């Protein structure tokens, strides 16, 4: 216990004798008169002692450097104070050209990516954009090549005039022939497809509004939805469309589910095929064949 | 060594003679520049000896060269010039320390000098330089860099706390604490105690006043500023 108290007293004495901020200020200012700080005071006094001759040896060289720098300073100062971004014709032209090239390349890249190329550029065969991307440029008269936001989905792959099913095998939307868009007069083949779809939907009692609306747009001279059956019958009865329709039917069946969310139309087509096999109700195509044979 | 009146709070007041020399040097008078150099070269050199060691003279030359180059744009009195000059010296010293570090990394050879320290003294030099300026600078150079710089700028350069803070880029409170801790550490050094005893000014006590307790590392937390 005695040792502990001695240690405590010693620590208290040491703490009380430590240099505090006030005493440090006095020591640093050379004003300390405390005998206990004589060592530190002597140290600081030696550190700030008068200059020795060796420390002033380079005066002549320093003055010479000063004169040399002063003689060279005016031009240096003027040069350094010239703003680097000051007017310079060459620099201005270079900056403008660079900015133009960057903007052009950026806009071109975005346009090619999203299909917003200018009409004239798309019409030029083998133009830089189409050759570089290897994407067939869409016809300027068929804006349906690119699906607009909120527009109707494609009516499915169109039958090839030669009876081949190659278009159905192309997965890209851009590679397909132009799809049918609302309010646009399309060729006869797409009308046949629409008619087949509409009649199949009607048979399945699930007529799609989009198809009806599209057909109405092609029947502007007829009397609305009531004229669709007659229009489609007339269209499907023609020999060319019948041949095309028969070959296109499997293709449409194979690829349409992807075009219609929910597979509503696919189910309808499947049910139609079952009905045809069982002989319950002939499809519109079969009906057209019979008519042609007779 | 320093010119002009000095007080503990404000450091050096503007010295009329030094102000005149400064104005003359700004206007291109080499005599004015010579006066400035003679007045401030010793403290600059001593400060740089603590900061960069043996490269102090080269760094001091770079300092004066830059000061001569930029002196045309300087505005202010002799005190502001003192702060400005020591700031230049410190920046050049930091550059030299970086260069020295790169040289050491490139060569991969052990250096005989610590970073910013003085050469390791041998016995003969120790005897010759005992109790001299080099001894004092060598002891101060053993302090941590911030404490050594604070002590040197306050004692040798004669700058006030605010001016030292301006040079070091720190707050005045930090400068005050650093200089106080530096002095405490110096007071515990055996050579400083021996110097106090040798000077006959101490009546049996240590210079630090604590002769019964081992010197523990100063954490600086037991006493406020």
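Protein chains in written order, with our numbering: chain G, -5 to 288; chain L, -6 to 218. For glycine and all other residues, C-beta sits at the position ideal for the given N, C-alpha and C. In this text, all values refer to a predicted model and were calculated from it rather than measured experimentally.
#1: Just to confirm my understanding: we take residue 298 of chain G, look at its own chain, exclude 5 residues before and 5 after, and list those with CB closer than 8 Å. What are they?
#2: Which of helix, strand or coil does DSSP assign to residue 213 of chain G?
#3: Taking only beta-carbon atoms, is residue 129 of chain L less than 8 Å away from chain G?
#4: For residue 137 of chain L, does the three-state DSSP call read helix, strand or coil?
#5: When the Cα atoms are used, what is the spatial distance from residue 58 of chain L to residue 57 of chain G?
#6: Run through chain G and tell me which residues come within less than 9 Å of residue 78 of chain L, C-beta to C-beta.
#7: I believe residue 78 of chain L touches residue 33 of chain L by the beta-carbon criterion, under 8 Å. Please report the beta-carbon distance rounded to the nearest angstrom.
#8: Here's the rule I'm using: 16 or more other beta-carbon atoms within 10 Å means buried, otherwise exposed. How should residue -4 of chain G be labelled?
#9: Select from the segment 44 to 58 of chain L all residues with a C-beta closer than 9 Å to any C-beta belonging to chain G, and list them in chain order.
#10: Apply the 10 Å Cβ neighbour rule to residue 108 of chain G and answer buried if 16 or more other Cβ atoms are within range, or exposed otherwise.
#11: Using a beta-carbon distance below 8 Å, is residue 99 of chain G in contact with chain L?
#12: Could you have a look at residue 199 of chain G and say whether DSSP puts it in helix, strand or coil?
#13: Under 8 Å between beta-carbons, which chain G residues line up against residue 132 of chain L? List them in chain order, please.
#14: Here's the rule: buried if 16 or more other CB atoms are within 10 angstroms of the residue's CB, otherwise exposed. What is residue 36 of chain L?
#15: What residue from L:25, L:157 and L:163 has the CA that sits closest to residue 146 of chain L's CA?
#16: To the nearest angstrom, report how far apart residue 92 of chain L and residue 41 of chain L are at their CA atoms.
#17: Under 8 Å between C-beta atoms, does residue 105 of chain G make it to chain L?
#18: My understanding is that residue 159 of chain L touches residue 52 of chain L, with C-beta atoms under 8 Å, so please give their C-beta distance in whole angstroms.
#19: Out of L:31, L:173 and L:185, point me to the one whose CA is closest to residue 22 of chain G's CA.
#20: Does chain G have any CB closer than 8 Å to the CB of residue 172 of chain L?
#21: Using C-beta distances below 6 Å, list every residue in its chain close to residue 210 of chain G, excluding the 5 sequence neighbours before and after it, in chain order.
#22: What residue range is occupied by the uninterrupted alpha helix (DSSP H) comprising residue 162 of chain L?
#23: So, under 8 Å CB-CB, residue 53 of chain G and residue 27 of chain L are touching, yes? Tell me the CB distance rounded to an integer number of Å.
#24: Quick check on this structure: which residue in L:177, L:181, L:164 and L:19 has the alpha carbon closest to the alpha carbon of residue 18 of chain G?
#25: Run through DSSP, which three-state label would residue 48 of chain G get?
#26: Identify whether residue 292 of chain G lies in helix, strand or coil by the three-state DSSP scheme.
#27: Give a yes or no on whether the C-beta atoms belonging to residue 167 of chain L and residue 140 of chain L are separated by under 8 Å.
#28: Tell me whether the beta-carbon of residue 59 of chain G lies closer than 8 Å to the beta-carbon of residue 61 of chain L.
#29: Per DSSP, what kind of secondary structure is residue 107 of chain G in: helix, strand or coil?
#30: Span of the alpha helix (DSSP H) holding residue 24 of chain L?
#31: Is DSSP giving residue 177 of chain L helix, strand or coil here?
#32: On the premise that residue 136 of chain L lies in contact with residue 175 of chain L, defined as a C-beta separation below 8 Å, what is that separation, rounded to the nearest angstrom?
#33: Taking beta-carbon pairs under 9 Å, can you tell me which members of the segment -3 to 26 of chain G lie near chain L?
#34: Between L:43, L:38 and L:44, which has its C-alpha nearest residue 47 of chain G's C-alpha?
#35: Locate the alpha helix (DSSP H) running through residue 33 of chain G, then write down its first and last residues.
#36: Residue 12 of chain L CB to nearest chain G CB: under 8 Å?
Short version:
#1: This structure cannot speak to residue 298 of chain G, because chain G is shown only from -5 to 288.
#2: coil
#3: yes
#4: coil
#5: 10 Å
#6: Those do not exist, as residue 78 of chain L stays about 13 Å from chain G at its closest Cβ, beyond 9 Å.
#7: 6 Å
#8: exposed
#9: 50, 53, 54, 57 and 58
#10: exposed
#11: no
#12: coil
#13: 37
#14: buried
#15: L:157
#16: 15 Å
#17: no
#18: At roughly 20 Å, the Cβ-Cβ gap does not stay under 8 Å, so residue 159 of chain L and residue 52 of chain L are not in contact.
#19: L:173
#20: yes
#21: none
#22: Where residue 162 of chain L is concerned, there is no enclosing alpha helix (DSSP H), given that its DSSP letter is neither H nor E.
#23: 6 Å
#24: L:177
#25: helix
#26: Missing from the structure shown is residue 292 of chain G; chain G here goes from -5 to 288 and no further.
#27: no
#28: yes
#29: helix
#30: 23 to 45
#31: helix
#32: 5 Å
#33: 0, 1, 3, 4, 5, 7, 8, 9, 10, 11, 12, 13, 14, 15, 17, 18, 19, 20, 21, 22, 23, 24 and 25
#34: L:38
#35: 32 to 41
#36: no
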